[in-house]
Amino acid sequence: MEPGADDSELEEILQGMKVKIKVFGCGGGGSNTINRLVEAGIVGAEMFAMNTDAKHLLTVHAPRKFLLGRRCTRGLGAGAIPQIGEEAAKEAEDDLKPVMNGTDIAFITCGMGGGTGTGSAPFIAKLARDAGALVIGVVTMPFKAEGAMRMQNAADGLDRLTKQCDTVIVVPNDKLLQLVPRLPLDAAFKVADEVLMRAIKGIAEIITRPGLVNLDFSDLKTILKGGGVAMIGMGEGEGDTKANDAVMEALNSPLLDVDVAGATGALISVSGGSDMTVTEAEKIAEIVGARINPMARIIWGCSVDPALEHTMRVMLVVTGVKSKFQWSPGPAAKGLEFVR
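Heads up: take any position in the sequence shown, counting from 1, add 267, and you land on our numbering.
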């Protein structure tokens, strides 16, 4: 056998083992998150934007785009009515199904409360789940200033999405205002896009990006398969106490609006400059472990980012938590047809 023949065979095997990650941005909010992921340069994931609004879809820089509901909305949007968003997604089922084939991890992202994202996301998640993917929802809940009807639509939509996903990470927009209290509402929406982008990028790159401590698909499945509702905390620290400062900021984040003591699992993504040590990352995992249920599963990954010299960032995803967003569908949902 020629030298190197074994290597090519190994490379072929490794290529077949590569985890296929796909991110589906549903509606205007989800498509905006896809834009941020493209700008940030996510490693090892395919991105798809889908919307009923043709004009908005034209502004999105996704490699793949789907105009949903060509017949039922004619490219003019869903008019903030989730049932129309769902109908539009169902209309595109034959185009969407082949895209799901072979997917290992599917991220479904949207801003809950509107028409297209709220209505289409549960159906897109169902297609991914039926194709055998691990399905992770990453969504925002509306600002109170957006009104009671939008909040009710969001609650009903989250209830349906949770039934189709293994885990749904919920970002409450009102809590973002505690992080950036003086921002006008349009700027706060951009912060929401940033948080969703970091959540998806952080989880995906734990697997796809070489690091000091890497996780594989099986590790991720352990925490996120059947994880229910999850909340996220993010923190950053600098200098000699950077590890402690970053993890405490993540644990005390307004976005982590739950009692973490009852969590069933925690996924910790640590990134830092070339001066970061594995010991510092281990310390972060220990601090989180001391705060949550002793029987909870904890996994962590650690990667080097040259841009973070003398700085550490922590992203913490806590699964199986009791969230106030797990409301039962309100009267508006009764008698309506949704995903089965």
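Glycine is no exception: its CB is placed at the ideal position from the N, C-alpha and C atoms.
So what does DSSP say about residue i, is it helix, strand or coil?
i, result
"F410", "coil"
"V545", "helix"
"D361", "helix"
"S536", "strand"
"E604", "Confidence in E604 is poor, its pLDDT being 37 and thus under 50, which makes the residue's placement too unreliable to answer from."
"K332", "strand"
"G352", "helix"
"L401", "strand"
"L575", "helix"
"D320", "strand"
"L491", "helix"
"A528", "helix"
"K550", "helix"
DSSP has residue i in a bridge; who is on the other side?
i, result
"V327", "Answer by DSSP bridge pairing: none, since V327 is not bridged."
"E313", "K289"
"C569", "V480, V537"
"L343", "D320"
What are the start and end residues of the beta strand (DSSP E) that includes residue i?
i, result
"L583", "578 to 586"
"I499", "495 to 505"
Less than 6 Å between C-beta atoms, sequence neighbours within five positions excluded: which residues of the same chain meet that for residue i?
i, result
"G404", "I375, L428, C432, V435"
"A517", "G500, M501, G502, V581, L583"
"M416", "none"
"V462", "V438"
"G539", "L575, M579"
"H328", "N302, V305"
"T300", "G292, T376, D460, L463, M464"
"L523", "M498, G500"
Using a Cβ-Cβ cutoff of less than 7 Å, which residues in the same chain neighbour residue i once the five nearest sequence positions on both sides are dropped?
i, result
"D371", "V286, K287, I288, A400, L401, F484"
"T304", "Going by the sequence as given, residue 304 is Leu instead of Thr. Within the same chain, L304 has close Cβ partners V290, M314, M464, I467, K468."
"C569", "G478, L479, V480, V537, V545, A548"
"E604", "Note that E604 has pLDDT 37, beneath the 50 cutoff, so the model's placement of it is unreliable and the number below is only indicative. Here the set comprises nothing."
"R341", "none"
"L444", "A455"
"P349", "G382, T385, G386, N420, G424"
"K589", "V525, G529"
"A307", "M464, K468"
Over what stretch of residues does the alpha helix (DSSP H) that includes residue i continue unbroken?
i, result
"I559", "That residue, I559, is in no alpha helix (DSSP H); it is neither H nor E in DSSP."
"N420", "415 to 431"
"I301", "294 to 307"
"K509", "509 to 518"
Could you pull out every residue in the same chain whose Cβ sits closer than 8 Å to the Cβ of residue i, ignoring the five residues on either side in sequence?
i, result
"L487", "I372, L401, I470, I473, I474, L534, I566"
"D397", "M367"
"I554", "N511, V514, M515, L518"
"G494", "D433, T434, T531, G532, T586, G587"
Which runs of the beta strand (DSSP E), 3 residues or longer, sit entirely within the segment 366 to 396? 372 to 378
4 or more residues per run - each alpha helix (DSSP H) lying fully within the segment 433 to 488: 440 to 446, 452 to 475
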